[in-house]
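With the UniProt record's numbering, letter number 17 in the sequence shown gets 17, and the count goes up by one each step, no holes. Ideal Cβ placement from N, Cα and C applies to all residues, glycine included. What you are looking at is a predicted structure, and each value in this text was computed from that prediction instead of being measured.
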Amino acid sequence: MKCLLSAKVREGNIKLVQEFNLEKPKTKEMIHVLSSLGVDSSALILTAQPIPGVVKSASNLPEVKVLPAALVNVLDLLSYKMLVATVPAIRDIEQIWGK
Numbered sequence: 001m002k003c004l005l006s007a008k009v010r011e012g013n014i015k016l017v018q019e020f021n022l023e024k025p026k027t028k029e030m031i032h033v034l035s036s037l038g039v040d041s042s043a044l045i046l047t048a049q050p051i052p053g054v055v056k057s058a059s060n061l062p063e064v065k066v067l068p069a070a071l072v073n074v075l076d077l078l079s080y081k082m083l084v085a086t087v088p089a090i091r092d093i094e095q096i097w098g099k
């Protein structure tokens, strides 16, 4: 797991956000957020806790998956080119998988 995360960092395929502030749970909002982050391919979005608005906003995007950090696995990291994570989600991953 740590090797995969390190590879994402080396390749520039990880984007960190403080939090997801979507005005409304709409697909257009999620597309706007992802494009402003420079995400133009498949993306795995990790949050510390499930955020219904984020899940709903991404549900119509076939190349995007939203998960709480505690549920991420190796297959998820391998299946998506970009990783977009909140800072609290990264802290959760550090606690689970080690620094």
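Check                                                                                                                                                                       : Outcome
Using a Cβ-Cβ cutoff of less than 7 Å, which residues in the same chain neighbour D92 once the five nearest sequence positions on both sides are dropped?                   : A48, A69 and A70
Going by the CB atoms, is the gap between L46 and A7 shorter than 7 Å?                                                                                                      : no
Count the other C-beta atoms from every protein chain shown that fall within 10 angstroms of the C-beta of S41, then say buried if there are 16 or more, exposed otherwise. : exposed
Check whether the Cβ atoms of residue 129 and V33 sit closer than 7 Å, and answer yes or no.                                                                                : Missing from the structure shown is residue 129; the chain here goes from 1 to 99 and no further.
Rounding to the nearest angstrom, what Cα-Cα distance links A58 and I96 in this structure?                                                                                  : 25 Å
Would you call V9 buried or exposed, if buried means 16 or more other Cβ atoms sit within 10 Å of its Cβ?                                                                   : exposed
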